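In case it helps, UniProt numbering puts the sequence shown at residues 1 to 766. Even for Gly, the Cβ is constructed at its ideal location relative to N, Cα and C. Everything numeric in this text was worked out from a predicted model, so none of it was measured. Structure first, then comments.
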Amino acid sequence: MLLWLGDKLYRTRWWVVLLAVVLTVVMALYGFQVFDALRGIGIEDPHSESIQARDLLKNTFASKGKNTDTVLVLLSDPHLVATDPQFAQAAQQLSATLKTRPEVSAFSSYYTTHSSSFLSHDKHQALLYMEVNTSAGGTKVYDALTPLLKAPPLHVDIGGSLATDIQFNQQLEHDLAFSETIALPLVALLLVLIFNGLVAALLPLLIGGFAIVGSFAILRVITTFTSVSSFATNVITIIGLGLAIDYALFIITRFREELASNPDQVSRAVQRTMATAGRTVLFSGLTVCTSLISLLIFPQDVLRSIGMAMIASALVAMLGSITLLPAILALLGRHVNALSIQRLLRRRQRSAIDTRQGAWYRLSYFVMRWSIPITIVAIAFLLLLGTPFLHASFSQTDEHSLPLNASSRIVVEQLKQNFPDQDNSQLTIAMRTLGDALSTENLAKLDTYVSKLKQLKHVTNVQSVVSLVPGLTLAQYQQLYAHPALNPQITEAAKQLAKQNVTEIILTANLDANSDDARSLVKDVRVITPPTGLSRMVGGTPAEEVDQFASLLATFPYALLLMGVAIFVLLFLMTGSLIMPLKAILLNTLSLTATFGALVWIFQDGHLQNLLQFRAFGSLDSTQPILIFAIAFGLSMDYEVFLLSRIKEQFDRSGDNRESVATGLQRTGWLITSAALLLAIVVAAFASSRILVIQEIGIGISLAILIDATLVRGLLVPAMMNLLGDWNWWAPRPLQVLWQRFGLHESLEDQPTGTLYTPEEEAAPV
């Protein structure tokens, strides 16, 4: 099939390139609108108890609705207190301006409620709380409000869910541009050195640009029917550019190798390249996509949207590499070698070398000679690197992932330190009652339930309709709510906590929201059964964290099973062996174990926080191991496919396992190492991000790639293949017959075996 495709691409090369140019322009015009369509972080499971509690309370009480976000405005002055006339006047003037805005649907502050919960301990800070309608778009609302946030002489910081989402998006866009500025020049320089030519070096970057533009266009389409996390745009660059460079490197190298054997037969070189390297790239793309499909079964928007974005990137990179790139190569012919660096420098160029003279060939035989000790030492070393993962701790993505100077992070940290009643360690309990929540019978049941909550360890305050004013008895509350005119102030305050058959209970604890004690408190609250006729859902930041981790933990085994089975089947279809897929999965898991251990050591334990300029807070983001596992597993299989395709090609010809391993490693060793280095540079550039979770992804995937391309592909694969011998290619007879009929393989009867093209091969005339 791919031989046929190669022939068609050669015959229609001009039309293919022209169509690609037009398509790229259209996709760019449409795709780069995706930044305005992103909808926040999306870290929660919408079906979890805590999120259902949040949504129930949000939709029940006045002004709250589906398109509502919170905005917190923190006013500060080190010399004035909030009750000073100058402070109060500035705050009230700002409040008056904000309350007149059409976007603002609710507004509360100390100056409207006289509640001390809006003041800091030392009263040098005051909080303004707003609910805003974001139907017109969160970015438009944010841009309309921020210029108004001036209250001299007070210092003003903006926070809340809207500011957090917008600042995440803004920082991600900035980091994306900055990381590309770092990565692209380095990648371009390395490509020139690897290919020993300017023309060949340019092609992977062209395919990378095509992949990124195409991926943005697909992602823009996806945003029209589902929410997409703001993180998705960054991973498009990682996967799109990285895989496109990898695939182009493999295709171009094989094309130059074929062209070196028959310089005047460009059509033949294109066809044979497609039948060999094209097949490998097709398999690799399918393998990466299969690995990433596992992310789609998670309920969290951040994982599903990143999964969709990366699948789009992998598909476009693969399709560009097996359609557009061969067409360009068909147009260039021998001129793919033009503008050789050595020719430009007037240096003598070396000719092709015999496969058996290469360093990788000699290394493979050395490794196979000492297979047992090398296998033991390498596995032990990888397991040792993975030991820090044994004490891994996890938390959810929040404002702490933003830079230290981000206003939304400043607001959260100030609330935690100075506003005990606004602390994010609060639990919010959504209660449903039979009938009116303020009826005499329901108030008695609520009082019983609240009394049990007050007895829990670490609880410092419980705010509810039966505990608004210290000292009032249950009978007094029942009388007040039955006769609202007796005390309109208390009745009005109760309306903020109860409406119809729904009431809110706010439980405050002297705990860090990310602590083990906070998670234990969530479990303790959920153990308490409410009286008959009442039902409850526990929410709040600690509960959301507990539910998110439980959701991830419950879904991960199914994702792992889906990924493992699908990749096993694909590798079997490529190799016809049951042993090779199993070995590949085990070795990839081993290299990822080492990667996760390193991540804990770097980010959780904070050993490199000064170098990488972040502040460790004792945990990893709970989604990162899953993301990194899916991405790195797919990319590692990418290199496994590259290596196995050449080993299998040689084994089918010679039947000699050891010679096939040595020849396959010699023909792909430098290629895999180069591809890994290029991809690692692209990914590692994201370590410069000011957002912690992006740093974790960048460092984690880079480590996984480098470990896999060196220790695993260079040492463990040849050592274990030597130990397994002919068992490498074993499959039961029925499966062998099945593979012969349905396996994805193409034969090349006249495949050259004597020489290996290297980047120093004679270049075409300039």
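### Outcome for R347 when other beta-carbon atoms lying within 10 angstroms are tallied against a minimum of 16
Because the pLDDT of R347 is 49, which lies under 50, any placement of that residue in the model is unreliable, and the number read from its coordinates should be weighed accordingly. Answer is exposed; the Cβ neighbour count stays below 16.
### Message
Output needed for N538: all residues of its chain with C-beta closer than 7 angstroms, excluding positions within five of it in sequence on either side, in chain order.
### Response
Reading off the sequence, residue 538 comes out as Val, not Asn. So the list reads E49, S50, A53, L427, I429, V522, V525, R526, once near-sequence residues are dropped.
#### Entry: Coil, strand or helix - L128 by DSSP
Correct three-state label for L128: strand.
### Query
With contact counted as at least three CB pairs below 8 angstroms, one residue from each stretch, are the segment 541-553 and the segment 394-401 in contact?
Under the three-pair Cβ rule at 8 angstroms, the segment 541-553 counts as touching the segment 394-401.
### Which of helix, strand or coil DSSP assigns to S135
Coil.
### Query
If you draw a straight line from the alpha carbon of residue 770 to that of F419, how long is it in whole angstroms?
Residue 770 falls outside the range modelled here, since the chain spans only 1 to 766, and no answer is possible.
### Query
Is T233 helix, strand or coil by DSSP?
Helix, per DSSP.
### Message
Counting C-beta neighbours from all protein chains within 10 Å, is the total for W370 16 or more, i.e. buried, or is it exposed?
### Response
Under this definition W370 is an exposed residue.
### Message
Taking the alpha-carbon of T181 as reference, which of I681, L716, I699, I707 has the nearest alpha-carbon?
### Response
Considering only alpha carbons, the answer is I681.
### Message
Can you tell me where the alpha helix (DSSP H) holding T112 begins and where it ends?
### Response
For T112, the enclosing alpha helix (DSSP H) stretches over residues 110-113.
### Message
Rounding to the nearest angstrom, what Cα-Cα distance links E44 and D652 in this structure?
### Response
Computed Cα separation, rounded: 50 angstroms.
### Query
For G471, does the three-state DSSP call read helix, strand or coil?
Shown here, G471 sits in coil according to DSSP, grouped into three states, outside any helix or strand.
### Task
Compute the Euclidean distance between the alpha carbons of L9 and P326, then round it to the nearest angstrom.
If you take the alpha carbons of L9 and P326, they lie about 7 angstroms apart.
### Message
Between the alpha carbons of A482 and S439, how many angstroms are there, rounded?
### Response
C-alpha separation (whole angstroms): 8 angstroms.
### Message
Assuming contact is defined by CB atoms lying nearer than 9 angstroms, are E649 and G669 in contact in what I supplied?
### Response
For the 9 angstroms CB-CB criterion, E649 and G669 do not form a contact.
### Query
So is I672 buried or exposed if we call it buried at 16+ other beta carbons inside 10 Å?
By the 10 Å Cβ count, I672 comes out buried.
### Query
Assuming I297 and T555 make a contact with CB atoms under 8 angstroms, what is their CB distance in whole Å?
About 6 angstroms separates the two Cβ atoms, so the contact holds.
### Task
With DSSP as the reference, label E545 as helix, strand or coil.
In the displayed model, E545 falls within a helix according to three-state DSSP.
### Task
Might you give, ordered along the chain, the residues of its own chain that have their beta carbon closer than 8 angstroms to the beta carbon of T575, omitting 5 neighbours on each side?
Cβ within range, chain order: P581, L644, K648, W729.
### Query
Rounded to a whole number of angstroms, what is the C-alpha to C-alpha distance between R667 and M368?
Rounded to the nearest angstrom, the two C-alpha atoms are 17 angstroms apart.
### Task
Using the DSSP secondary-structure output, state which residues sit across from M431 in a beta bridge.
Beta-bridge analysis with DSSP links M431 to T503, R536.
### Message
Taking the beta carbon of V661 as the centre, do at least 16 other beta carbons fall within 10 Å, making it buried, or is it exposed?
### Response
Only buried fits V661, as 16 or more other CB atoms lie within 10 angstroms of its CB.
### Task
Within the same chain, show all residues whose beta-carbon is closer than 8 angstroms to that of V459, passing over the 5 residues directly before and after it, in chain order.
Hits under 8 angstroms: L453, L507, T508, A509, L521.
### Message
Just verifying my parser: in three-state terms, what is the DSSP assignment at N461?
### Response
For N461, the secondary structure class from DSSP, reduced to helix, strand or coil, is strand.
### Query
Does the Cβ of T529 have 16 or more other Cβ atoms within 10 Å, making it buried, or fewer, making it exposed?
By the 10 Å Cβ count, T529 comes out exposed.
### Task
Pull up the DSSP beta-bridge partners for D157, would you.
Residue pairing by DSSP puts D157 in a beta bridge opposite L74.
### Reduced DSSP category for S451 - H, G, I as helix; E, B as strand; rest coil
S451 falls in the helix class under three-state DSSP.
### Message
Could you compute how far the alpha carbon of S115 sits from the alpha carbon of V469?
### Response
Spanning the alpha carbons of S115 and V469 requires a straight line of approximately 12 angstroms.
### Query
Within the chosen definition, does the segment 607-622 reach the segment 717-735 through at least 3 CB pairs nearer than 8 angstroms?
Touching, no.
### Message
Alpha carbons only, please: which of E659, V71, F61 is nearest the one belonging to I166?
### Response
That would be V71, whose Cα lies nearest to the Cα of I166.
### Message
Quick check: what's the CA-CA separation for V641 versus V281?
### Response
One C-alpha to the other measures close to 8 angstroms.
### Message
Using a Cβ-based criterion (distance less than 8 angstroms to any ligand heavy atom), does N610 qualify as near the ligand FAD?
### Response
With respect to the ligand FAD, the structure shown offers nothing to examine, as it has no ligands at all.
### Message
Please report the distance separating the alpha-carbon of V25 from that of P299.
### Response
Near 34 angstroms, if we compare the C-alpha coordinates of P299 and V25.
### Message
I need the straight-line Cα distance from T134 to D143, nearest angstrom please.
### Response
When rounded, the distance between both Cα atoms is 12 angstroms.
### Query
Among I567, P531, R256, which residue has its Cα nearest to the Cα of G285?
Among I567, P531, R256, the Cα nearest to that of G285 is on I567.
#### Entry: Stretch pair the segment 182-193 + the segment 317-335: three plus CB contacts closer than 8 angstroms
Between the segment 182-193 and the segment 317-335 there are fewer than three inter-stretch CB-CB distances shorter than 8 angstroms, so the stretches are not counted as touching.
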